[in-house]
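What follows is a short report on a single structure.
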Amino acid sequence: KQEVTQIPAALSVPEGENLVLNCSFTDSAIYNLQWFRQDPGKGLTSLLLIQSSQREQTSGRLNASLDKSSGRSTLYIAASQPGDSATYLCAVRQVGGNTGKLIFGQGTTLQVKP
Amino acid sequence: DTAVSQTPKYLVTQMGNDKSIKCEQNLGHDTMYWYKQDSKKFLKIMFSYNNKELIINETVPNRFSPKSPDKAHLNLHINSLELGDSAVYFCASSRLFSTEAFFGQGTRLTVV
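Protein sequence lines, in the order shown, are assigned to chains C and U. With my numbering, the residue at position 24 of the first sequence is 19, and numbering never jumps. When you read off a place in the second sequence, starting at 1, and then add 64, the result is the number in my numbering.
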């Protein structure tokens, strides 16, 4: 059974710092991994999607890496800003079944202090 | 234009009532989902629909009945609401099973 874990559960950093959020999964048979951002009381915003054949994806100050064999992904945020404060969720999509089902981690709540 | 929209955003109701949540996507996607986020913020899939057909039902009580009148809509009807149904319900869609998923803004259901 696939399990997705995100460490740390919460993180507080000063503005301008580079930071890394971690996501690990127990079953490497995945189609892809997706990173989301959730602001309090809001929906999920898709940040990056990495296919199983890819090693990394970049969007602006965000860079996500994937090491499928070791069951790990990281989300790197460069030059963090107070507006980056949110909960970051990673989710994997399993191979097989053709359901599109995403299995989520518990999230990392990030606070960037001015 | 909102890609995935849900109504209502907030829903407060008494135990035993029946309620519906509506979801619409204007992305032309074939696959739609309902997810539940519990009080600990953990997100778990409930249903997956492809071209109006139910693909998965993740051991959800049969008080929950999704209905997809067309590819762009997936509604969730809940009968005999219980306190434990209080949660945030998210609708999502993707073009194919394996492509990027887009989520609605959520419906916060509170059963009193």
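C-beta atoms are modelled at their ideal positions from N, C-alpha and C, and glycine is treated no differently. Because the structure is a prediction, the values reported are computed rather than measured.
message: Let me check you understand the geometry: is the CB of L70 (chain C) closer than 8 Å to at least one non-hydrogen atom of the ligand ZN?
response: This structure lacks the ligand ZN; in fact it carries no ligand of any kind.
- prompt: Quick one: is A86 (chain C) near chain U, going by C-beta distance under 9 Å?
  reply: The residue given as residue 86 (chain C) occupies position 91 in the first sequence. Chain U, which has a Cβ nearer than 9 Å to the Cβ of A86 (chain C), makes this yes.
Among C:R50, C:Y71, C:R56, C:A73, the one whose alpha carbon lies nearest that of D62 (chain C): Taking the first residue of the first sequence as 1, we reach residue 62 (chain C) at position 67. Selected option, being the one with the closest Cα: C:R50.
query: Which stretch, first to last residue, makes up the beta strand (DSSP E) that contains S54 (chain C)?
result: Start at 1 with the first residue of the first sequence, and residue 54 (chain C) comes out as number 59. Element bounds for S54 (chain C): 51 to 54.
Pairwise C-alpha distance: S150 (chain U) and Q106 (chain C): One-based indexing of the first sequence puts residue 106 (chain C) at position 111. One-based indexing of the second sequence puts residue 150 (chain U) at position 86. Roughly 27 Å between the two C-alpha positions.
message: When you compare the segment 91 to 103 of chain U with the segment 160 to 169 of chain U, are there three or more beta-carbon pairs, one atom per stretch, that lie closer than 8 Å?
response: yes
task: Determine contact between the segment 29 to 38 of chain C and the segment 74 to 85 of chain U, defined as no fewer than three beta-carbon pairs at a distance below 8 Å.
output: no
- prompt: Within this structure, are the beta carbons of L39 (chain C) and Q52 (chain C) separated by less than 9 Å?
  reply: Along the first sequence, one-based indexing puts residue 39 (chain C) at 44. Along the first sequence, one-based indexing puts residue 52 (chain C) at 57. Result no, Cβ atoms of L39 (chain C) and Q52 (chain C) do not sit closer than 9 Å.
- prompt: For G102 (chain C), is the classification buried or exposed, using 16 other Cβ atoms within 10 angstroms of its Cβ as the cut-off for buried?
  reply: Here residue 102 (chain C) refers to the residue found at position 107 when the first sequence is read from its first residue. So G102 (chain C) counts as buried.
- prompt: Given a threshold of 16 other Cβ atoms within 10 Å of its Cβ, counted over all protein chains shown, does G100 (chain C) qualify as buried or as exposed?
  reply: Stepping through the first sequence from its first residue, residue 100 (chain C) is reached at position 105. Buried.
message: Once DSSP output is grouped into helix, strand and coil, what is the label at L147 (chain U)?
response: To locate residue 147 (chain U), count along the second sequence from 1; it is residue 83. L147 (chain U): helix per DSSP, three-state reduction.
message: So if I threshold CB-CB distances at 7 Å, which residues from the segment 127 to 159 of chain U count as touching chain C?
response: F154, S158
Rounded Cβ spacing between G66 (chain C) and T104 (chain C) (contact assumed at less than 8 Å): By one-based count along the first sequence, residue 66 (chain C) stands at place 71. By one-based count along the first sequence, residue 104 (chain C) stands at place 109. Actually they are not in contact, since the Cβ atoms of G66 (chain C) and T104 (chain C) sit about 22 Å apart, beyond 8 Å.
query: Contact check, E10 (chain C) vs P109 (chain C) under 8 Å by CB: the rounded distance?
result: Numbered from 1 along the first sequence, position 15 holds the residue referred to as residue 10 (chain C). Numbered from 1 along the first sequence, position 114 holds the residue referred to as residue 109 (chain C). Going by Cβ atoms, the distance from E10 (chain C) to P109 (chain C) rounds to 5 Å, so yes, they are a contact pair.
task: With distances taken Cα to Cα, identify the nearest neighbour of C155 (chain U) among C:Q89, C:Q1, C:L97.
output: Numbered from 1 along the second sequence, position 91 holds the residue referred to as residue 155 (chain U). Selected option, being the one with the closest Cα: C:L97.
task: Could you have a look at D79 (chain C) and say whether DSSP puts it in helix, strand or coil?
output: Walking along the first sequence from the start, residue 79 (chain C) turns up at place 84. Residue state, collapsed to three classes: helix.
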